[in-house]
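Peer 1: Going down the list, the protein sequences come from chains E and D. Heads up: take any position in the first sequence, counting from 1, add 131, and you land on our numbering. Heads up: take any position in the second sequence, counting from 1, add 539, and you land on our numbering. Supplied in structure tokens, the structure appears directly below.
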Amino acid sequence: MIDRRHGFAMAMAQILLLGLMLFVIAPASAYQLLGGKWSTLQLNYYIDGATYQSEIGSAANSWNYYTGNKVQLSRVYGQYENIRLLTANYGATSWYATAWNSPSFQSIPYTYSQIRINSQNLSWLSYSDRQEVVAHELGHSLGLGHTNLTGCILMKAGGFCAVYPRADDINGIYALYP
Amino acid sequence: MKTRVLSVITGLLCVITIAAGISYLASSNGQQIPESVAQERVIVASAKWIKDFKSLREMTTDSDLVVVGVVTDIGPSRLIGDSPEAADAAINAGAIPGLLVTDYQYKIEQVLKGKASVGDIITLTQTGGFWNGLTQYIQDDPLYELDERTILFLQDISGDSVLAPNEQKYTINGTPQARFRIIDGQVFPVMEGDALANELRGLSETDFVQMVLQVVAP
């Protein structure tokens with residue numbers, strides 16, 4: 132009887148221990164990677180268009196600041212740029228902005244990234260929401276994919292709540308660029 | 540004997556737990572998004588979508604037109620905001636060309652909401668397309684295919700100065716969440732990964748249509 136109780140207790144203890152280990156080991160992260168990356172995180176960006184320059188600057192600075200300057204996005208005014216942000220009226224599209232990485236999202240290294248911002252759809256957003264859209268696209272330029280985790284800058288749709296990169300976004304950067 | 544049996548069960552449970560843990564770790568972190576297209580001359584974008592529907596009711600209520608139908612024709616793609624010469628130069632240089640938009644003819648089989656009739660052919664507009672040997676599309680919203688049968692929740696963009704000046708056109712309502720393929724009588728969301736897609740995936744076409752109709756005319 133004692134053996135039986137002892138065996139049962141041991142079994143439960145082992146299961147609990149393993150479960151606990153898994154919870155400790157298992158990351159809370161939900162970030163997704165596009166499959167490609169840059170060879171460096173010191174990247175130049177160029178703003179093509181007169182509108183939303185301040186929002187774009189704030190978004191770039193937020194990636195620099197919240198990654199502890201692991202990401203170093205610097206604005207250039209004519210020299211070679213790695214990332215080009217174009218703002219134009221693209222009409223009544225279903226999206227606020229898009230990011231295109233070259234040669235492809237899976238490429239290592241990326242050679243170029245282009246972000247297209249639809250001024251028509253951003254016109255009804257607040258400053259901070261516009262900043263969040265740009266920060267989202269810059270996340271793609273850096274190699275991060277969409278996540279469904281609420282509160283992340285890389286949420287694929289709606290839900291303005293991050294403004295600047297959050298822990299999961301930053302974890303993604305550190306995983307991609309160890 | 541009982542102790543031995545108990546030990547075996549415990550061992551099995553441990554193995555199952557470890558396997559589940561490894562599986563969880565493999566699936567939850569740093570997973571690469573598969574891309575089903577060849578990289579050569581195919582450019583795929585990622586987008587921040589305008590809308591994020593939490594329910595079929597919300598999506599139905601918010602849409603101008605909800606229809607079942609089929610893509611009958613794919614029009615030529617056109618550039619928005621860039622000249623053809625600049626796009627060609629970009630393609631030849633291996634760079635990223637301008638933004639493409641394509642119109643599709645879509646024949647309505649059933650109207651679930653909105654002003655349209657069965658048999659009408661409407662024009663759908665989608666970002667992406669084909670240009671000089673290059674294919675361009677947005678990751679969550681692959682280009683429509685000929686004979687693709689779908690249930691669509693649409694936004695009327697007629698008169699939009701860029702996409703539909705002096706024309707009647709529709710586009711997907713704020714997110715590819717609003718696009719469902721019908722395959723062998725079952726409904727499949729085009730954009731995966733959110734709770735609504737998980738809820739609706741695999742429903743029969745009949746059940747899905749009934750659910751929409753209940754929202755429109757309860």
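Think of the CB as a built atom: it goes at the ideal place given N, C-alpha and C, for glycine as much as any other residue. A quick note: this is a predicted structure, and the numbers were derived from the prediction, not measured.
Just reading off the alpha helix (DSSP H) that D/N631 is part of, what are its end residues?
Peer 2: Taking the second sequence and counting its residues from 1, the one referred to as residue 631 of chain D is at position 92. P623 to N631 is the extent of the alpha helix (DSSP H) around D/N631.
Peer 1: Consult DSSP for E/W255 and reduce its assignment to one of helix, strand or coil.
Peer 2: Counted from its first residue, the first sequence places residue 255 of chain E at position 124. Residue state, collapsed to three classes: coil.
Peer 1: Go through its chain and collect everything with a Cβ distance to D/L742's Cβ below 8 Å, but skip five positions before and after it.
Peer 2: For the purposes of this step, residue 742 of chain D is taken as the residue at position 203 of the second sequence. Answer for D/L742: Q725, V726 and M750, listed in chain order.
Peer 1: If we count the other Cβ atoms within 10 Å of its Cβ and call it buried at 16 or more, is D/D484 buried or exposed?
Peer 2: Outside the shown range of chain D, which is 540 to 757, sits residue 484 of chain D, and nothing can be said about it.
Peer 1: Relative to the C-alpha of D/E684, which residue among D/V609, D/G672 and D/S585 is closest?
Peer 2: Working through the second sequence from its first residue, we reach residue 684 of chain D at position 145. Ranking D/V609, D/G672 and D/S585 by Cα distance to D/E684 puts D/V609 first.
Peer 1: So is D/V701 in contact with chain E if we call contact Cβ pairs under 7 Å?
Peer 2: For the purposes of this step, residue 701 of chain D is taken as residue 162 along the second sequence, with counting starting at 1. Judged by the 7 Å Cβ criterion, D/V701 is in contact with chain E.
Peer 1: Is the region 651-669 of chain D touching the region 168-185 of chain E, taking contact as three or more C-beta pairs under 8 Å?
Peer 2: The region 651-669 of chain D, when compared against the region 168-185 of chain E, does not touch it at the 8 Å Cβ threshold.
Peer 1: Cβ atoms of D/N712 and D/L735: under 7 Å apart, would you say?
Peer 2: Here the question's residue 735 of chain D lines up with position 196 in the second sequence. Here the question's residue 712 of chain D lines up with position 173 in the second sequence. Cβ distance not < 7 Å, so D/L735 and D/N712 don't count as in contact.
Peer 1: With 7 Å set as the bound, which would you pick, yes or no: does the beta-carbon of E/Y241 sit closer than that to a beta-carbon of chain D?
Peer 2: Residue mapping note: residue 241 of chain E aligns to position 110 of the first sequence, counting from 1. No, E/Y241 lies away from the interface with chain D (no Cβ there is under 7 Å from its Cβ).
Peer 1: Can you tell me whether D/Y683 is helix, strand or coil according to DSSP?
Peer 2: Taking the second sequence and counting its residues from 1, one reaches residue 683 of chain D at position 144. Three-state DSSP puts D/Y683 in coil, outside helix and strand.
Peer 1: Considering only the alpha carbon of each residue, which of E/M286, E/E212, E/V207 and E/T224 lies closest to E/Y243?
Peer 2: Residue mapping note: residue 243 of chain E aligns to position 112 of the first sequence, counting from 1. Among E/M286, E/E212, E/V207 and E/T224, the Cα nearest to that of E/Y243 belongs to E/E212.
Peer 1: Checking contacts by CB at 7 Å: is D/I722 closer than that to chain E?
Peer 2: If you number the second sequence from 1, residue 722 of chain D lands on position 183. Taking Cβ atoms only, chain E never reaches closer than 7 Å to D/I722, which makes this a no.
Peer 1: Please report the distance separating the alpha-carbon of E/N232 from that of E/Q203.
Peer 2: As a working note, residue 232 of chain E is residue 101 in the first sequence. As a working note, residue 203 of chain E is residue 72 in the first sequence. Rounded to whole angstroms, E/N232 to E/Q203 spans 18 Å at the Cα level.
Peer 1: Alpha carbon to alpha carbon, how far is E/G282 from D/T600? Give it in angstroms, no decimals.
Peer 2: For the purposes of this step, residue 600 of chain D is taken as the residue at position 61 of the second sequence. For the purposes of this step, residue 282 of chain E is taken as the residue at position 151 of the first sequence. Spanning the two alpha carbons is a distance of roughly 26 Å.
Peer 1: According to DSSP, which residues form a beta bridge with E/M286?
Peer 2: For this step, residue 286 of chain E is matched to residue 155 along the first sequence. For E/M286, which the question treats as bridged, DSSP gives the partners E/T278.
Peer 1: Could you tell me whether the Cβ of D/A586 comes closer than 7 Å to any Cβ of chain E?
Peer 2: Locating residue 586 of chain D in the second sequence gives position 47, counting from the first residue. Yes, its Cβ sits closer than 7 Å to a Cβ of chain E.
Peer 1: Per DSSP, E/W231 forms a beta bridge with which residues?
Peer 2: Looking up residue 231 of chain E in the first sequence gives position 100. Bridge partners of E/W231: E/Q245 and D/A584.
Peer 1: With D/I635 and D/A629 assumed to form a contact (beta carbons below 8 Å), what rounded beta-carbon distance in angstroms separates them?
Peer 2: Taking the first residue of the second sequence as 1, we reach residue 635 of chain D at position 96. Taking the first residue of the second sequence as 1, we reach residue 629 of chain D at position 90. Yes, D/I635 and D/A629 are in contact; Cβ-Cβ is about 6 Å, under 8 Å.
Peer 1: Thinking C-beta only, is D/I690 closer than 7 Å to E/A223?
Peer 2: If you number the first sequence from 1, residue 223 of chain E lands on position 92. If you number the second sequence from 1, residue 690 of chain D lands on position 151. No.
Peer 1: What residues in its chain sit with their C-beta under 7 Å from that of E/E186, if we drop five residues either side in the sequence?
Peer 2: Position 55 of the first sequence holds residue 186 of chain E. Answer for E/E186: Y258, R261, Q262 and V265, listed in chain order.
Peer 1: Which bits of chain D does E/A230 rub up against, with CB to CB less than 7 Å?
Peer 2: Your numbering for residue 230 of chain E matches position 99 in the first sequence. In chain order: A584 and S585.
Peer 1: Specify, as a first and last residue, the run of the alpha helix (DSSP H) that E/I187 falls within.
Peer 2: Sequence index remark: in the first sequence, residue 187 of chain E carries index 56 (1-based). Looking at the DSSP string, the run of the alpha helix (DSSP H) that includes E/I187 is Q184 to Y197.
Peer 1: Checking the sheet assignment: what are the DSSP bridge partners for D/Q649?
Peer 2: In the second sequence, counting from the first residue as 1, residue 649 of chain D sits at position 110. D/Q649 is bridged to D/V607.
Peer 1: Name, in chain order, the residues that DSSP records as bridge partners for D/T599.
Peer 2: Your numbering for residue 599 of chain D matches position 60 in the second sequence. The partner list for D/T599 (beta bridge, DSSP) is empty, contrary to what the question assumes.
Peer 1: Can the beta-carbon of E/G274 be found closer than 7 Å to that of E/K168?
Peer 2: Position 143 of the first sequence, counted from the first residue, corresponds to residue 274 of chain E. Position 37 of the first sequence, counted from the first residue, corresponds to residue 168 of chain E. Cβ distance < 7 Å, so E/G274 and E/K168 count as in contact.
Peer 1: For E/G270, is the classification buried or exposed, using 16 other Cβ atoms within 10 angstroms of its Cβ as the cut-off for buried?
Peer 2: For the purposes of this step, residue 270 of chain E is taken as residue 139 along the first sequence, with counting starting at 1. Buried, by the Cβ-count rule.
Peer 1: Span of the alpha helix (DSSP H) holding E/G303?
Peer 2: Translated into the one-based positions of the first sequence, residue 303 of chain E becomes position 172. Residues A298 to L307.
Peer 1: The alpha helix (DSSP H) that contains D/D746, what's its start and end?
Peer 2: In the second sequence, the residue the question calls residue 746 of chain D occupies position 207. Here the alpha helix (DSSP H) through D/D746 covers E744 to V755.
Peer 1: Check whether chain D comes within 7 Å of E/G209, counting only Cβ atoms and requiring the distance to be less than that.
Peer 2: Taking the first sequence and counting its residues from 1, one reaches residue 209 of chain E at position 78. No, no contact with chain D.
Peer 1: Answer with yes or no whether the minimum CB distance from E/N213 to chain D is below 7 Å.
Peer 2: Within the first sequence, numbered from 1, the residue matching residue 213 of chain E stands at position 82. So, not an interface residue.
Peer 1: Can you list the residues of chain E that D/I696 reaches, using a CB-CB cut of under 7 Å?
Peer 2: Residue 696 of chain D sits at position 157 when you count from the first residue of the second sequence. Per Cβ cutoff of 7 Å: A223.
Peer 1: Going along chain B in order, which residues have a C-beta closer than 8 Å to the C-beta of D/A632?
Peer 2: The question asks about chain B, but that chain is absent: this structure's protein chains are E and D.
Peer 1: Between which residues of its own chain and D/D642 is the CB-CB distance below 6 Å, once the five residues before and five after are set aside?
Peer 2: In the second sequence, residue 642 of chain D corresponds to position 103, counting from 1. Excluding sequence neighbours, D/D642 sits near G614, T662 and T664.
Peer 1: Which class does D/D723 belong to by DSSP, given the choice of helix, strand or coil?
Peer 2: Counting from 1 along the second sequence, the entry for residue 723 of chain D is found at position 184. Of the three classes helix, strand and coil, the one that applies to D/D723 here is coil, per DSSP.
Peer 1: Along the chain, where does the beta strand (DSSP E) that runs through D/A717 open and close?
Peer 2: Reading the second sequence from its first residue, position 178 is the one you call residue 717 of chain D. Looking at the DSSP string, D/A717 is not in any beta strand (DSSP E), and its letter there is neither H nor E.
Peer 1: So D/S585 and E/G166 are in contact, right, with Cβ under 8 Å, and what is the actual spacing, rounded?
Peer 2: By 1-based counting over the second sequence, the position of residue 585 of chain D is 46. By 1-based counting over the first sequence, the position of residue 166 of chain E is 35. With a Cβ gap of about 12 Å, D/S585 and E/G166 do not count as contacting.
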